[in-house]
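Protein chains: 2
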Amino acid sequence: METVAENQNVRNAKKLEKMFGHIDFKHPPELCPVRDVMSVASDQWSILIILWLGYFPVLRFNKLKKYVYGISNKVLSQRLKVLEADGYISRKAYPEVPIRVEYRLTDFGQTYVEKLLELTEWMQTNSPKVLANREKYGLI
Amino acid sequence: METVAENQNVRNAKKLEKMFGHIDFKHPPELCPVRDVMSVASDQWSILIILWLGYFPVLRFNKLKKYVYGISNKVLSQRLKVLEADGYISRKAYPEVPIRVEYRLTDFGQTYVEKLLELTEWMQTNSPKVLANREKYGLI
DNA sequence: TTCATTTGGTTACTTTTTGTAACTTACTCT
DNA sequence: AGAGTAAGTTACAAAAAGTAACCAAATGAA
Chain A
1 METVAENQNV
11 RNAKKLEKMF
21 GHIDFKHPPE
31 LCPVRDVMSV
41 ASDQWSILII
51 LWLGYFPVLR
61 FNKLKKYVYG
71 ISNKVLSQRL
81 KVLEADGYIS
91 RKAYPEVPIR
101 VEYRLTDFGQ
111 TYVEKLLELT
121 EWMQTNSPKV
131 LANREKYGLI
Chain B
1 METVAENQNV
11 RNAKKLEKMF
21 GHIDFKHPPE
31 LCPVRDVMSV
41 ASDQWSILII
51 LWLGYFPVLR
61 FNKLKKYVYG
71 ISNKVLSQRL
81 KVLEADGYIS
91 RKAYPEVPIR
101 VEYRLTDFGQ
111 TYVEKLLELT
121 EWMQTNSPKV
131 LANREKYGLI
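In order, the protein sequence lines correspond to chains A and B. Counted the way full-length UniProt numbering counts, the first sequence spans residues 1 to 140. Counted the way full-length UniProt numbering counts, the second sequence spans residues 1 to 140.
Structure, rendered in structure tokens:
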């Protein structure tokens, strides 16, 4: 791959290499764990599920469905499975009738929700700019 | 909506309210700018496009396509449009033949790429854990 | 002159992913 | 006997994404 130094001035290139050089989003997905892992963790439904489980330490399926407004049973169930497989959340089923299932963040999930919260705060702060821009763009 | 204090012990609830209370991911999408804006900005292709434009300050369509490995013309073109509409990137076309088009981050996009870089570093650090977990889960 | 090449897309068509809504299981309560 | 309940699953429809061919308009080569 061509380096940034070939396209930009050298001073800037050094800074960019320091910021980006060690991060591995630069490979095809099958060779790139970052892309692979991120595509699950930054999915829009995954984000909401994890945020809600950060807010309410324990949630059952139907509560999650209520809070993650708009999600379908099917997708919620799918996402919960992959989030569990990836280690963000845990699932505990109690063999009562009707069955009771509790979802919560793992310790690992807790570290992720902190990152997500930062991202979400950024979105909260900046969404007015984005909406204003979108509006303006629509008129052009 | 029910508050966290009704479900959890009060000490923890205060902390959670402080962290989450002011953030607005709790509404249906049509009422929730955060969900709306985030669904564009945290899309897997959007993330890669923005990261690459953080790394190479100027990129043309076909370079982007090469670097954002696996993206199709169609989706690249769509994403560039919405990212431009939302104010993250700018598009400048030079009426040469064949046409030359330059994409770069806006100042606003620059502030976002910094957030994304943090997220990406987290993914880089933690992807081994996720992959290991996934492996283990597969056996169960 | 005719033909291939170039960039930044678009278009038509196929495949995959999502959304919708009805259904299931197994036990309890009326 | 029939209704209700929690946590899903299933079949079918709709939307999104992937694929690959195509386009314009000029340049350079044959």
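No residue lacks a Cβ here, since even glycine has one placed at the ideal position from N, Cα and C.
| Query | Result |
| --- | --- |
| Going by DSSP, name the residue or residues bridged to B:R100. | B:Y94 |
| Measure from the C-beta of A:T120 to each C-beta in chain B and report whether the shortest distance is under 7 Å. | yes |
| Kindly list the residues whose CB is nearer than 6 Å to the CB of B:R100, restricted to its own chain and excluding five residues on each side of it in sequence; keep chain order. | Y94 |
| Pull up the distance between the alpha-carbon of A:L16 and that of A:F108, whole angstroms please. | 30 Å |
| Using only the alpha-carbon positions, how far apart do B:P128 and B:E96 sit? | 47 Å |
| Applying a beta-carbon distance threshold of less than 7 Å, which residues of chain A neighbour B:L48? | F25 |
| Which residue marks the beginning of the alpha helix (DSSP H) containing A:D36, and which one marks its end? | 33 to 41 |
| Going by the CB atoms, is the gap between A:G87 and B:V130 shorter than 7 Å? | yes |
| Any Cβ of chain B within less than 7 Å of the Cβ of A:L51? | yes |
| If you draw a straight line from the C-alpha of A:F61 to the C-alpha of B:V40, how long is it? | 27 Å |
| Count the other CB atoms, across all protein chains shown, that sit within 10 Å of the CB of A:T125; report buried if there are 16 or more and exposed otherwise. | exposed |
| May I have the straight-line CA-CA distance separating B:Y137 from A:A85, to the nearest angstrom? | 5 Å |
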